[in-house]
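In my numbering, the protein residues as written are 1221 to 1349.
Virtual Cβ for every residue (Gly too), placed ideally from N, Cα, C.
All figures in this text were calculated on a predicted structure; none of them were measured in a lab.
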Amino acid sequence: MILRKYMSLLGVGSARIDLLLPKTTYKTGETIYGHFDIKGGTVEQHIKRIDCDLVKVNHHTGAEEIIDTTSILTSTYIYPEQCSKLSFTFQLPSVMEPSTKEFSYQFKTKLTFSKGIESKDMDLIRIAK
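And the structure:
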């Protein structure tokens, strides 16, 4: 048991987060509805927060620009092998450049624990004209 606890602190067997969206293409100003799937690892972990950033990526320079962020502050536990769903709602800005070969958009999600390595997820979306 102690070995599993220390392994989860290093990220091995820790809880995982996954943002699930109903589609990949959205229009500016649209509201996105989805949910986070959180799956417990091998030991109980204390969740402190969930952060989800909408990021614009320039493929030529590699630069990333955070467009907007949503955070959920919490003080809950995820137990071994437990599956949990948490609603996600995000209002896209009304003024955004559409996705092109040069620019793309993605949601970068981070699940932060009171101890241990963060769980991260990345989901590409397309912004249509």
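Close Cβ partners of residue i (< 6 Å) along its chain, the five nearest in sequence each way excluded
| i | result |
| --- | --- |
| Cys-1272 | Thr-1290, Phe-1327, Thr-1329 |
| Tyr-1253 | Thr-1309 |
| Asp-1341 | Ile-1237, Asp-1238, Leu-1239, Thr-1329 |
| Met-1316 | Thr-1248, Ile-1347 |
Beta-carbon contacts of residue i that lie in its chain and below 8 Å, excluding the five residues immediately before and after
| i | result |
| --- | --- |
| Asn-1171 | No answer is possible for residue 1171: the residues shown for the chain start at 1221 and end at 1349. |
| Thr-1296 | His-1266, Ile-1267 |
| Lys-1305 | His-1255, Phe-1256, Asp-1257, Ile-1258 |
| Pro-1242 | Tyr-1253, Gly-1254 |
| Thr-1294 | Ile-1267, Lys-1268, Arg-1269, Ile-1270 |
| Thr-1251 | Thr-1309, Phe-1310, Gln-1311, Leu-1312 |
Expected contact under 8 Å - CB spacing of residue i and residue j to nearest Å
| i | j | result |
| --- | --- | --- |
| Arg-1269 | Ser-1339 | 12 Å between Cβ atoms; not a contact. |
| Ser-1314 | Thr-1245 | That belief does not hold up - the Cβ atoms of Ser-1314 and Thr-1245 are roughly 17 Å apart, past 8 Å. |
| Lys-1349 | Pro-1318 | 5 Å |
DSSP-derived helix/strand/coil call for residue i
| i | result |
| --- | --- |
| Ser-1304 | strand |
| Ala-1283 | coil |
| Lys-1321 | coil |
| Met-1342 | strand |
| Tyr-1246 | strand |
CB contact below 9 Å: residue i versus chain B
| i | result |
| --- | --- |
| Thr-1244 | Considering every chain present, this structure includes no chain B. It has just one protein chain. |
Under 9 Å between C-beta atoms of residue i and residue j
| i | j | result |
| --- | --- | --- |
| Tyr-1325 | Ile-1287 | yes |
| Leu-1353 | Leu-1312 | Given a span of 1221 to 1349 for the chain in the structure shown, any question on residue 1353 remains unanswerable. |
Cβ shell of residue i (< 7 Å), same chain only, five flanking positions each side left out
| i | result |
| --- | --- |
| His-1280 | Glu-1322 |
| Ser-1334 | His-1266, Lys-1268 |
Original post:
Looking at C-beta atoms only, is the number of pairs between the region 1292 to 1307 and the region 1263 to 1283 that lie closer than 8 Å three or more?
Top reply: yes
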